[in-house]
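> So the protein lines, in turn, are chains A and B.
Okay, so the first sequence: first residue is 2 according to my numbering, each after it adds one.
Okay, so the second sequence: first residue is 2 according to my numbering, each after it adds one.
Ideal Cβ placement from N, Cα and C applies to all residues, glycine included.
Dropping a structure here in structure tokens format, bear with me for questions.
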Amino acid sequence: MIKIFQLYSLRALVSKLLLLLVGFYTLASYGQVVENNFSFGLGAGIDLVSFKDVSSSPLVYSGFGLPLSFNAKYNTTKTLHQLDFSIISPSITNNYPLKSKANTALISWNKTNLNYQFLLKINQSSNYVGAAVKAQYFYRTYNFLDGDSWDFIGSAGIHYLKQITITDKYTFAPSITLPLLAFIHRKPSLTLDEEFLDDFYNRDGILKYGKWKPVLNDWFKIEINISNEFKISKRITLLANAGAGYYFINFPEKLTTINYQIGCTASYQF
Amino acid sequence: MYSKLSVLIILGIVLNSCLKNDNINSNAAAAADLIESLERYSVSVLRPNVDYTKVSAKYKSDASENIDEEQFFELTQDFLLTFYDPHVSLSSSFDTLRSIDYLNYTKNINSSTVENGYLQNIKQHQSNILSATINDTIGYLYLSDFMGDRAEVESILHRIIDDFSSKSGLIIDLRDNNGGSAYNAQSLLNKLTNEDLPWHTTQNKTKNGFDNVFEWNIGPAGNFQFTKKVIVLTGKYTISAGERFTMGAKILPHVKIIGDTTANTQGSVMGREMYNGWKYTFTFEKCLAADGTNYEGVGIPPDIYYDSKTLDLTSSDVIIERAIVELQ
């Protein structure tokens, strides 16, 4: 796959994205606008990540990745369905290494998020509350022996969103997600031990090592997000978002991860 | 809106304080973390000849902030060498420690002497696997390690053993086998037995002891198993998975081991980092033979012993010659 961000500098990439958006806007401005409440968007951004996984290293690793994202939204007068997918992968973008202050760096890392929220409008207000189902996979490779590490969190929880309309074209929406139950998969031991490898080779062990856990039982996660929607035409919306996430998992050893992301999405309404 | 943004910023500052990159320039902190990590993860510290409390206390007291990084490396090296574990290594940007270089071990194989003096029909199957014939009746298999893709290695090893089906004897030369995957060692053992047998057990070191026992077994693979006479050649540089193979050879009645005692570390190896970014490796698995014998720290003795230090292998190989005699 072409490594998009290797071909372009960040500035060149931003200018090309802007050109694309302007083209998108120009095309979308013509033709008959049909009222519809389904939209989808494509976006990009930057994700600042810091983590410390004691089962692999006592060092904190920090850096950034460039996620590509896709989202789809369907809203009625009473409900809001939202699907978001984002991926940071060296096979798509350049491999920006996460580094420690001791001058060590990860060989590689990637992160994938898939989120679905089903929200109900509360009493015709601008408040929405509902369920969030999220899957997150964060994989990293250290540059020493057996230095693979990962965590997968598949969670279900509650999501709250408040939609604040500033003007006809501009809305502002802070949201917060608190997962309640998760399926968490971490390395079963400190390295890829024999039993895990045996299960892995026999193709029946990957799920075997995951654990279902309620929140605060060896793990916790919180995500806060603020999004700003700016309608640039009847069909096109530009969405800028900023968010922060924090989670820890206490098994087999403590993992703590913090990330901040900002992103921009161009959304098309059908 | 600005109040919400400020909440996000404050939250960010609070969250950031949860992840502190502390102590990266402190010798004392790096030493303390190394001591704790080894105690937590390594079986090397449990060797009967190691008084970990004593050596770690000395290391901790010597690791002051007044010594420079070269001195700290030497100090850490001396500490790690007290385990006599060939799996132990330490690497920094300016120096590297391989424990085996300090164990006063001598290699008991000279590849050119073997190839020029004893082998015919040499086939290099991949960089670490070579097969040949000694004569019309004896096959020869050399493995420099047990690394490589499991399915690929299994296919190669099984094909080689099948090709030796007409031979009356087989020499498996592991004298400088550097270890690798126990599964690849198992693939070869499976071609040497016609019955299911317990091979060895492994247990990972955990915070409070060890996890569950994992039982390794061997059993016949494919249509043909080589159950005629087999000689396994071992030495001080037969390490890790090479030693586990030797454990398997010990339980097979048609297999005899000739050479020197193996290196002394059979469990799997793990890598970690110190606070200062140096990397180190150590053994994290307790590995017991099928009869419960623990060879960690001592190595697996051969059936016929040759002291590596006394051998002159420049023009002849007394170990191979003894193997040929045993197979005739």
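On the DSSP letters alone, give me the boundaries of the alpha helix (DSSP H) that residue 38(B) sits inside.
The sequence position of residue 38(B) within the second sequence is 37, counting from 1. From DSSP, the alpha helix (DSSP H) with residue 38(B) extends over 28-42.
> Does the beta carbon of residue 99(B) come closer than 9 Å to any beta carbon on chain A?
In the second sequence, residue 99(B) corresponds to position 98, counting from 1. No, residue 99(B) lies away from the interface with chain A (no Cβ there is under 9 Å from its Cβ).
> Can you tell me whether residue 155(B) is buried or exposed, with buried defined as 16 or more other CB within 10 angstroms of its CB?
Counted from its first residue, the second sequence places residue 155(B) at position 154. That one is buried.
> For residue 91(A), decide whether its Cβ has a neighbour in chain B, counting only Cβ atoms nearer than 9 Å.
Translated into the one-based positions of the first sequence, residue 91(A) becomes position 90. Chain B contact via Cβ: absent.
> Given this structure, state the Cα-to-Cα distance separating residue 132(A) from residue 98(A), to the nearest angstrom.
On the first sequence, position 131 is the one that residue 132(A) refers to. On the first sequence, position 97 is the one that residue 98(A) refers to. Cα-Cα distance, rounded: 34 Å.
> Which residues mark the beginning and the end of the alpha helix (DSSP H) in which residue 159(B) is found?
If you number the second sequence from 1, residue 159(B) lands on position 158. 151-164 is the span of the alpha helix (DSSP H), which, as asked, contains residue 159(B).
> So for residue 269(A), helix, strand or coil by DSSP?
In the first sequence, counting from the first residue as 1, residue 269(A) sits at position 268. It is a strand residue.
> With distances taken between CB atoms, is the gap from residue 53(B) to residue 37(B) smaller than 9 Å?
Counted from its first residue, the second sequence places residue 53(B) at position 52. Counted from its first residue, the second sequence places residue 37(B) at position 36. For residue 53(B) and residue 37(B), no; Cβs fall outside 9 Å.
> List the residues of chain B that residue 58(A) touches, going by C-beta distances under 8 Å, in chain order.
For this step, residue 58(A) is matched to residue 57 along the first sequence. The contacting residues are 273, 274.
> Let's test the definition: count the other Cβ atoms within 10 Å of the Cβ of residue 240(A) and tell me whether it reaches 16, buried, or not, exposed.
In the first sequence, residue 240(A) corresponds to position 239, counting from 1. Classification for residue 240(A): buried.
> Does any residue of chain A bring its CB to less than 9 Å from the CB of residue 278(B)?
Reading the second sequence from its first residue, position 277 is the one you call residue 278(B). Yes, residue 278(B) lies at the interface with chain A (some Cβ there is under 9 Å from its Cβ).
> According to the Cβ coordinates, are residue 278(B) and residue 192(A) closer than 9 Å?
Stepping through the second sequence from its first residue, residue 278(B) is reached at position 277. Stepping through the first sequence from its first residue, residue 192(A) is reached at position 191. Against a cut-off of 9 Å, the Cβ pair of residue 192(A) and residue 278(B) comes out as no contact.
> Assess, as a yes-or-no matter, whether the segment 146-161 of chain B is touched by the segment 120-134 of chain B under the definition of 3 or more beta carbon pairs within less than 8 Å.
yes
> Taking Cβ positions only, does residue 104(A) come closer than 9 Å to chain D?
The structure shown has no chain D; the protein chains it does contain are A and B.
> Under a CB-based cut-off of 9 Å, is residue 59(B) close to chain A?
The residue given as residue 59(B) occupies position 58 in the second sequence. Residue 59(B) is outside the set of residues whose beta carbon lies under 9 Å from a beta carbon in chain A.
> Closer than 7 Å by C-beta to residue 286(B): which residues in its own chain qualify, once you throw out the five before and the five after it? Chain order, please.
As a first step, residue 286(B) is located in the second sequence; it is residue number 285 there, counting from the start. Here residue 286(B) has 44, 203, 204, 205, 268, 269 as same chain residues with Cβ atoms under 7 Å from its own Cβ, once five neighbours each way along the sequence are excluded.
> So what's residue 324(B) in DSSP terms, helix, strand or just coil?
The residue you call residue 324(B) lines up with position 323 of the second sequence. Looking at residue 324(B) - three-state DSSP - the assignment turns out to be helix.
> Is residue 266(B) closer than 9 Å to residue 226(B) when the C-beta atoms are compared?
One-based indexing of the second sequence puts residue 226(B) at position 225. One-based indexing of the second sequence puts residue 266(B) at position 265. In this structure, residue 266(B) does not lie closer than 9 Å to residue 226(B) by Cβ.
> Grouping DSSP H, G and I as helix and E and B as strand, with all else coil, what is residue 69(A)?
As a position in the first sequence, residue 69(A) is number 68, starting the count at 1. Strand, per DSSP.
> Counting only runs of 3+ residues fully inside the segment 112-188 of chain A, write out the beta strand (DSSP E) ranges in chain order.
Listed in chain order, the complete beta strand (DSSP E) runs (minimum 3 residues) inside the segment 112-188 of chain A are 128-142, 149-163, 171-187.
> Use the C-beta contact count for residue 31(B): other C-beta atoms within 10 angstroms, 16 or more gives buried, fewer gives exposed.
In the second sequence, counting from the first residue as 1, residue 31(B) sits at position 30. With a threshold of 16 other beta carbon atoms within 10 Å, residue 31(B) meets it and is buried.
> Check whether the Cβ atoms of residue 260(A) and residue 51(A) sit closer than 9 Å, and answer yes or no.
Position 259 of the first sequence holds residue 260(A). Position 50 of the first sequence holds residue 51(A). Yes, these two residues count as a Cβ contact at 9 Å.
> Can you tell which of 130(A), 59(A), 94(A), 115(A) has its C-alpha closest to the C-alpha of residue 81(A)?
The sequence position of residue 81(A) within the first sequence is 80, counting from 1. Closest option to residue 81(A), Cα to Cα, is 130(A).
> Identify every residue that forms a DSSP beta bridge with residue 48(A).
As a position in the first sequence, residue 48(A) is number 47, starting the count at 1. Per DSSP, 66(A), 262(A).
> By the criterion of Cβ-Cβ separation under 8 Å, what are the contact partners of residue 151(B) in chain A?
Counting from 1 along the second sequence, the entry for residue 151(B) is found at position 150. The contacting residues are 202.
> Determine the chain B residues that contact residue 53(A) at a beta-carbon separation under 8 Å, and present them in chain order.
Walking along the first sequence from the start, residue 53(A) turns up at place 52. Within 8 Å Cβ-Cβ: 20.
> Ends of the alpha helix (DSSP H) at residue 57(B)?
By 1-based counting over the second sequence, the position of residue 57(B) is 56. Per DSSP, residue 57(B) belongs to the alpha helix (DSSP H) from 53-63.
> Inspect the CB distances between the segment 57-69 of chain A and the segment 102-119 of chain A and report whether three or more fall short of 8 Å.
yes
> Evaluate residue 125(B) with the Cβ neighbour count: other Cβ atoms within 10 Å of its Cβ, from every protein chain shown; 16 or more gives buried, anything less gives exposed.
In the second sequence, counting from the first residue as 1, residue 125(B) sits at position 124. Classification for residue 125(B): exposed.
> What is the DSSP secondary structure of residue 246(A), reduced to helix, strand or coil?
For the purposes of this step, residue 246(A) is taken as the residue at position 245 of the first sequence. Strand, per DSSP.
> Got a sec: which bits of the segment 181-211 of chain B sit with their beta carbon under 9 Å from any beta carbon on chain A, in order along the chain?
182, 183, 184, 203, 205, 206, 207, 208
> Beta-carbon separation of residue 217(A) and residue 55(A) under 9 Å?
Here the question's residue 217(A) lines up with position 216 in the first sequence. Here the question's residue 55(A) lines up with position 54 in the first sequence. No, Cβ-Cβ distance for residue 217(A) and residue 55(A) is not below 9 Å.
> Only counting the same chain, and skipping five residues up and downstream in sequence, which positions put a Cβ closer than 8 Å to that of residue 308(B)?
Start at 1 with the first residue of the second sequence, and residue 308(B) comes out as number 307. Here the set comprises 261.
> Does residue 192(A) come within less than 9 Å of chain B when only Cβ atoms are used?
Residue mapping note: residue 192(A) aligns to position 191 of the first sequence, counting from 1. Cβ-Cβ to chain B under 9 Å: yes for residue 192(A).
> Do we get a CB-CB distance below 9 Å when we pair residue 213(B) with the residues of chain A?
Mapped onto the second sequence, residue 213(B) falls at position 212. Judged by the 9 Å Cβ criterion, residue 213(B) is in contact with chain A.
> Relative to chain A, which residues along the segment 88-116 of chain B have a C-beta separation below 7 Å, given in chain order?
none
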